[in-house]
Ligand code: ATP
Ligand code: LTN
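Numbering (our numbering), first residue to last: -1 to 331.
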């Protein structure tokens, strides 16, 4: 990898499959950034256990998520893609950053508030301090940019504050990262309730499109999408359902909102929904074909895990050593 390129880092929760929201909000961007930047990506499997996981299922989900991310176009000749739990520096730096983060700051995190309400029987300390682990994920690699969807903006802001605080207390140690949030894919909304984000943990499967949904399922889900009664395809305030579908269509085809309005002038929502469904199904076809090839090759996947963890650790080790020296730890000779 070239030394003078700026570095990009991002991670995904290894939930086994991804939604169209994950794809347009994050993964598609991961792929696009590979030529211009030195990219480091990972499966956030340490984060995954902030909610209870069944061990065999977690293992399977990590394999699937990794294979699917590769299938979306991550090229291991250009980028690193590793498993967070295989690089121990993440846990090490997270502990240290815990001690430079205030209780009050963590209490304000909306993802913590949402998830602790959702899993009221298991509001564990990991769920609370998880933004410090996320900060460690980013700061370990001295990342300049972090491509994420809008829901991660608050965590990025906290990461910047932690980095600036640490740099100020000692001397410049961490690169202060910037979020890279796409214009239209940043917040893909639920097809059933366009006021909330599309989420794979939504109990209503018609509310989200999974990257592994077959074409008929995709088209059926778009046909059922909630819209409004105006019956005019235009991007406007108060038309959450149509705005969301236009955003998705724009992400899938590269067309602008004006071009989409023109294309569907005088046509009804039925035609529009069908076109969105078909465009999305076409986007997913090559990803699914590639995924089906990769997921059956466990030996290849395991080789990728090992090689990429080693590459990641080489970068992460340097940062941890620097941090330990600054904090005042005696280094092993
Ligand atoms: P859940 O929906 O179950 O809460 P998640 O999909 O938000 O989980 P991740 O898989 O970790 O969790 O998300 C990976 C990336 O996808 C993040 O960068 C996140 O910002 C982005 N993302 C998630 N949902 C959406 C969405 N609806 N629109 C745009 N981006 C999204
Ligand atoms: N918190 C993120 C996943 C995540 C991440 C990161 C994203 C973990 N570590 C580092 C960007 C950078 C989520 O819930 N989507």
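Cβ coordinates follow ideal geometry from the N, Cα and C atoms, glycine included.
Residue i: CB within 7 Å of a non-hydrogen atom of the ligand ATP
i           : result
residue 321 : no
residue 217 : no
residue 186 : yes
residue 22  : yes
residue 150 : yes
residue 108 : no
residue 196 : yes
residue 13  : yes
residue 199 : yes
Coarse secondary structure for residue i, derived from DSSP in three states
i           : result
residue 328 : coil
residue 164 : helix
residue 138 : coil
residue 64  : helix
residue 28  : helix
residue 262 : coil
residue 8   : strand
residue 225 : coil
residue 157 : helix
residue 144 : strand
residue 320 : helix
residue 34  : coil
residue 179 : coil
residue 233 : coil
residue 40  : strand
residue 309 : helix
residue 246 : helix
residue 108 : helix
residue 17  : strand
residue 187 : strand
residue 56  : helix
Neighbourhood of residue i by C-beta, 6 Å cutoff - its chain only, sequence neighbours within 5 removed
i           : result
residue 273 : none
Buried versus exposed call for residue i [16 or more other C-beta atoms within 10 Å across all chains shown]
i           : result
residue 328 : exposed
residue 330 : exposed
residue 2   : exposed
residue 203 : exposed
residue 218 : exposed
residue 256 : exposed
residue 59  : buried
residue 301 : exposed
7 Å CB neighbourhood of residue i in its chain, flanking five on each side removed
i           : result
residue 121 : 114
residue 162 : 174
residue 155 : none
Closer than 7 Å: residue i CB and nearest the ligand LTN heavy atom
i           : result
residue 136 : yes
residue 41  : no
residue 146 : yes
residue 9   : yes
residue 255 : no
residue 117 : no
residue 132 : yes
Own chain, CB closer than 8 Å to residue i, minus 5 neighbours either side, in chain order
i           : result
residue 318 : 87, 90, 91, 138
residue 262 : 231, 269, 270, 273
residue 100 : none
Would you call the region 114 to 126 in contact with the region 79 to 86, where contact means no fewer than 3 C-beta pairs closer than 8 Å?
no
Any 3 or more C-beta pairs closer than 8 Å across the region 281 to 291 and the region 61 to 69:
yes
Should the region 227 to 238 be regarded as contacting the region 47 to 56, the criterion being three or more beta carbon pairs within less than 8 Å?
no
Is the region 126 to 136 touching the region 183 to 192 in the sense that three or more CB pairs, one from each, lie closer than 8 Å?
no
Specify whether the region 161 to 169 and the region 139 to 149 touch according to this definition: at least 3 beta carbon pairs, one from each stretch, less than 8 Å apart.
no
Could you tell me whether the region 170 to 183 touches the region 18 to 33, where touching means 3 or more Cβ pairs closer than 8 Å?
yes
Check whether the region 37 to 49 and the region 8 to 18 touch, using three or more Cβ-Cβ pairs below 8 Å as the test.
yes
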